[in-house]
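Enquirer:
Number of protein chains: 2
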Amino acid sequence: MTEPRTAAIRYALEHRNRFLEDLITFSSIPSVSTDPAHQEDMHKAASWVADKLRQLGASQVKIYPTAGHPVVYGELGEAGPGATTVLVYGHYDVQPAEPLELWKSDPFTPSIRGENIYARGVSDMKAQVLVTMHAVEALKDKGRLPVNLKFLYEGEEEIGSPNLGLFITGHKELLAADFALNLDAGMIAEDVPCISYGLRGLAYFELNVYGPSHDLHSGIYGGVVHNPAQALCELVAGMHDAQERVSLPGFYDKVRPLEAEERGELGRLPMDEAFYLKQTGAPALWGEQGYSPVERTGARPTLEVNGLLSGFTGEGSKTVLPAKAMAKISMRLVPDQDPAEVHRQLLQYLEEKAPQDIRWEVINLAGGVPSISERNLPAVQAFSRALEKVWGTRPAFKREGGSVPVVAQMQELLGIESVLSGFSLLDDNAHGPNEKLHLPTWYRGIDTVVHFLCNLQP
Amino acid sequence: MTEPRTAAIRYALEHRNRFLEDLITFSSIPSVSTDPAHQEDMHKAASWVADKLRQLGASQVKIYPTAGHPVVYGELGEAGPGATTVLVYGHYDVQPAEPLELWKSDPFTPSIRGENIYARGVSDMKAQVLVTMHAVEALKDKGRLPVNLKFLYEGEEEIGSPNLGLFITGHKELLAADFALNLDAGMIAEDVPCISYGLRGLAYFELNVYGPSHDLHSGIYGGVVHNPAQALCELVAGMHDAQERVSLPGFYDKVRPLEAEERGELGRLPMDEAFYLKQTGAPALWGEQGYSPVERTGARPTLEVNGLLSGFTGEGSKTVLPAKAMAKISMRLVPDQDPAEVHRQLLQYLEEKAPQDIRWEVINLAGGVPSISERNLPAVQAFSRALEKVWGTRPAFKREGGSVPVVAQMQELLGIESVLSGFSLLDDNAHGPNEKLHLPTWYRGIDTVVHFLCNLQP
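Residue numbers (the working numbering), protein chains in the order written: chain A, 24 to 481; chain B, 24 to 481.
Here you go:
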């Protein structure tokens, strides 16, 4: 009799085409959580995930409504009360696809070109949701699962998970597990599997600056009022100092310093200046002085302008002095910063720096706390061995630049750590146009989760 | 027998409703010169103007094509070779109406509310074009015109008149006149008729800043590249110094200093801080230190941000690090500044200040030279007496903050001065949403032009 993991990996190989069809179907649903126009699609995606869980034989499958988008839950308890229980986390929502004109194929009509499949959300994280489901299907084909699984899928990750904390708090018993598996992180390159042990938090704001009560003629009034677009630029420009550090008052006070040992480890990652220049296509790198690029993206906090809008932005010229200017501004946070505290720092900055000749308001759009976790947990080691088995190389341990608020929430609310990994690649254009997934890496991901679940067996 | 001007003024009073119908029809044509989508409407507006000239009995009526929008010409030479010839200038194009959601009624469905009529371009300057036509119609009803008139209407004033200079150069004989009448300026308030003797010039640019080659995930890459939206804000913020002066190199070098006498005159205009606060609705005034508001808007150069666009500007949050950021930036110029020189100053500023970690480009969108003219010309005095007759008060002589490049072009190419006035009000929201025209002031304008043309008779 074949060993279960070998049989499962063969099953996965034989069913690749159907797995791909699943991915195409799932990625065709425009589940854009931030856009009220996609409310119906969010329900469609949640139902699709629930149906998949039922097809796997899961029990307790339910779509839980929240104040925002629903949570999908299901469980497979066949390993019995003595076995390890893994809480599999994922999100079925995606980022908006705009600007649409930069996509080479429709963002919600998945298109395969070469070794990649292109669609909004395919990499972040619909393929990562399916990796576990497909590994489970493969393992169940020839026998029983070696562990108990609980599945928790939210629809609000891309908007900062505003309602997940409340759901977890209200369902602590249902969600009780030994640890969580979260494949929302990713790999540096197709030959560099990774496990993430640190995540940046997020604080996302909209800053509106108001000047005159209505748009003015720039000839008639230019020179007597503080142009809100200019005032906004001045305020944004002042948010970094000459050392390219964020200049909000107290911004770095709670930042945990990087230890020499960790700096050494991060320094060994294959992510040098040349790597970032190639990935970004920028003419030169930039950032906080005194830190390497990999430290700046993972272990240091940053402040980014995500959007600007004011006045006339069409073709040609319009001599308007706009009444309003808007910036979307977000901060990536590291331990032990706190989004609520950063909100207060932003308000303090504006109270101190904003001139009296304009009005301003800050809208708090999303937030998530940063986290850092143990690298030596048995579950992390089991995942590390699975990656090494499939890739033939030990995974890199890295800090993630992005934010997965649920990791901190699970530590805080359920008292469990997360195994944080995934099979997206750094050049997948997550959140940008032409988001893609590298299919060979994805197939290896299914094998990895098969190994991982088997590795968890006592 | 009634004096011609009295008869004409009675005629104008009796025909107000039809004059208003003309205005409604003309203002219903969305002749937005900057928008290629309105190409057809531009031709419609030009044809409408040509038809009006024919109805007045004008000869030589012709729509002249240019590299851009056409010029409409016609003449009334009945006063004969010995009489004064006035070149009546106007423009039939309008500014874009965006943002549409701020209009209380459709911008191209003129709507009368109280004493005002609301429509894009109704004040700037379709009503001003009709003022002269209606005055001429009224005068012609009972007899011959006291002067010869040539009518020149362009369709590119709102985009900086890029083709008018070439047209004038090619038709110097056709356009030969004693002076020009240009009603594209306006009044401070309904009881303060004005004659403008100075006009600011314009230099209008689009500044694009490019960073990474594509939109990036702000978590994964935030901290390693110079965010183009931030870099744009830094560049824009640096365009003014702490004294709220424009900091482009050499920007003030050619600015003609204000003489004490002129400052005294400008100081007597009813345009103090309280006036500008009320007109703009801004929380406080702002501007170049050492100059009063009326000096800053008319006699000092300024730099305004007319538009900003970058990244995600929709509802909610998207954690994108944008690849590009754009600003529309324009300068209002005073004698003896030159738009081409200001273009070079902007480029020099960017060459000196833009960091090496971004790319930038400047697109030159529009330009016009500033001008200042003689206040004691007989034609100006004739207009001044006409205003005094109708309003019962001497007009204020002021510098105009806006730009009418044709005034400088007529000085330079035809060697003639312009009588620059008009019947728009400062609070007409020219270029902004809910542009309006004060109808009682407009009717007085028709009477004024009747008096003016009669005053020109030897």
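Note that beta-carbon positions come from the ideal geometry of N, C-alpha and C, so glycine has one too.
Below 7 Å on C-beta distance, what does K149 of chain B contact in chain A?
Expert: Result: empty, since nearest Cβ-Cβ is about 16 Å, beyond 7 Å.
Enquirer: Could you please tell me which residues of the stretch 135-147 of chain A, in chain order, have their CB closer than 7 Å to any CB of chain B?
Expert: none
Enquirer: Identify, in the order they occur along the chain, each residue of the same chain with its Cβ nearer than 6 Å to the Cβ of L204 of chain A, setting aside the five sequence neighbours on each side.
Expert: V109, V111, V442
Enquirer: Is G193 of chain A helix, strand or coil when you go by DSSP?
Expert: helix
Enquirer: Strictly below 9 Å CB to CB, what residues from chain B border I211 of chain A?
Expert: None at all; the shortest Cβ gap to chain B is about 10 Å.
Enquirer: Counting only Cβ pairs nearer than 9 Å, list the residues of chain B close to Q253 of chain A.
Expert: V259, A260, M262, H263, L326, E327, V328
Enquirer: Could you name the residues of chain B that I218 of chain A contacts, counting a contact when the two beta carbons are closer than 7 Å?
Expert: Going along chain B, no residue has its Cβ under 7 Å from I218 of chain A, so there is no contact; the nearest lies around 16 Å.
Enquirer: DSSP three-state label for N399 of chain B, please.
Expert: The answer is coil: DSSP assigns N399 of chain B none of H, G, I, E or B.
Enquirer: Please report the residue range of the alpha helix (DSSP H) in which S10 of chain B lies.
Expert: In this structure chain B extends from 24 to 481, so residue 10 of chain B is not present and cannot be described.
Enquirer: Please confirm whether N250 of chain A has its beta-carbon closer than 9 Å to some beta-carbon of chain B.
Expert: yes
Enquirer: What separation, rounded to the nearest whole angstrom, lies between the Cα atoms of I52 of chain A and Y96 of chain A?
Expert: Cα to Cα, the separation comes out at about 19 Å.
Enquirer: Helix, strand or coil for M65 of chain A? Go by DSSP, reduced to three states.
Expert: helix
Enquirer: So for A419 of chain B, helix, strand or coil by DSSP?
Expert: strand
Enquirer: In the DSSP assignment, find the unbroken alpha helix (DSSP H) run with L46 of chain B in it and report its ends.
Expert: 39-50
Enquirer: Is P27 of chain A near G166 of chain A, with beta carbons less than 9 Å apart?
Expert: yes
Enquirer: Determine whether the Cβ of H92 of chain A lies closer than 9 Å to any Cβ atom of chain B.
Expert: no
Enquirer: Considering Q253 of chain B, what are the terminal residues of the beta strand (DSSP E) in which it resides?
Expert: Unbroken run through Q253 of chain B is the alpha helix (DSSP H), 251-260; no beta strand (DSSP E).
Enquirer: Under a Cβ-count criterion, where at least 16 other Cβ atoms within 10 Å of its own Cβ denotes burial, should N171 of chain B be classed as buried or exposed?
Expert: buried
Enquirer: Can you tell me whether DSSP reads S447 of chain A as helix, strand or coil?
Expert: strand
Enquirer: Assuming R143 of chain A and A120 of chain A make a contact with CB atoms under 8 Å, what is their CB distance in whole Å?
Expert: 4 Å
Enquirer: Looking at the C-beta of M24 of chain B, does it have a partner C-beta in chain A at a distance below 9 Å?
Expert: Caution is warranted here: a pLDDT of 47 is assigned to M24 of chain B, below 50, making its placement in the model unreliable, and no coordinate value can be reported.
Enquirer: Anything in the stretch 293-323 of chain A with a Cβ closer than 7 Å to a Cβ of chain C? List those residues in chain order, please.
Expert: Of the protein chains in this structure, namely A and B, none is chain C.
Enquirer: Spatial neighbours of E327 of chain B within its chain, please: C-beta separation below 6 Å, excluding the five flanking residues on both sides.
Expert: Cβ neighbours of E327 of chain B beyond the five flanking positions: S353.
Enquirer: On the DSSP letters alone, give me the boundaries of the alpha helix (DSSP H) that Y466 of chain B sits inside.
Expert: 462-478
Enquirer: With a cut-off of 9 Å, does the C-beta of V343 of chain A fall near any C-beta of chain B?
Expert: yes
Enquirer: Report yes or no: do the stretch 144-162 of chain B and the stretch 215-234 of chain B share at least 3 C-beta pairs separated by less than 8 Å?
Expert: The stretch 144-162 of chain B vs the stretch 215-234 of chain B: no contact.
Enquirer: Kindly indicate which three-state DSSP category H237 of chain A falls into: helix, strand or coil?
Expert: coil
Enquirer: Run the proximity test for W126 of chain A: is its beta-carbon closer than 8 Å to any non-hydrogen atom belonging to the ligand ADP?
Expert: As presented, the structure is devoid of all ligands, the ligand ADP included, so that no description of it is given.
Enquirer: How long is the line joining the alpha carbons of T320 of chain B and L289 of chain B, rounded to whole angstroms?
Expert: 11 Å
Enquirer: What is the rounded straight-line gap between the Cα of E98 of chain B and the Cα of W71 of chain B?
Expert: 16 Å
Enquirer: Please classify A31 of chain B as buried or exposed, where buried requires at least 16 neighbouring CB atoms within 10 angstroms.
Expert: buried
Enquirer: Is there a Cβ from chain B that is less than 9 Å from the Cβ of K127 of chain A?
Expert: Not one chain B Cβ lies under 9 Å of K127 of chain A.
Enquirer: Please state whether DSSP places Q434 of chain B in a helix, a strand or coil.
Expert: helix
Enquirer: Would you call the CB atoms of Y314 of chain B and L281 of chain B closer than 9 Å?
Expert: yes
Enquirer: Drop a sphere of 10 angstroms on the beta-carbon of A322 of chain B, count the other beta-carbons inside from all chains shown, and report buried for 16 or more, exposed for fewer.
Expert: buried
Enquirer: Using only CA atoms, which one of A:V365, A:D164, A:V317, A:L206 lies nearest to G422 of chain A?
Expert: What sits at residue 422 of chain A in the sequence shown is Arg, not Gly. The shortest Cα separation from R422 of chain A among A:V365, A:D164, A:V317, A:L206 belongs to A:V317.
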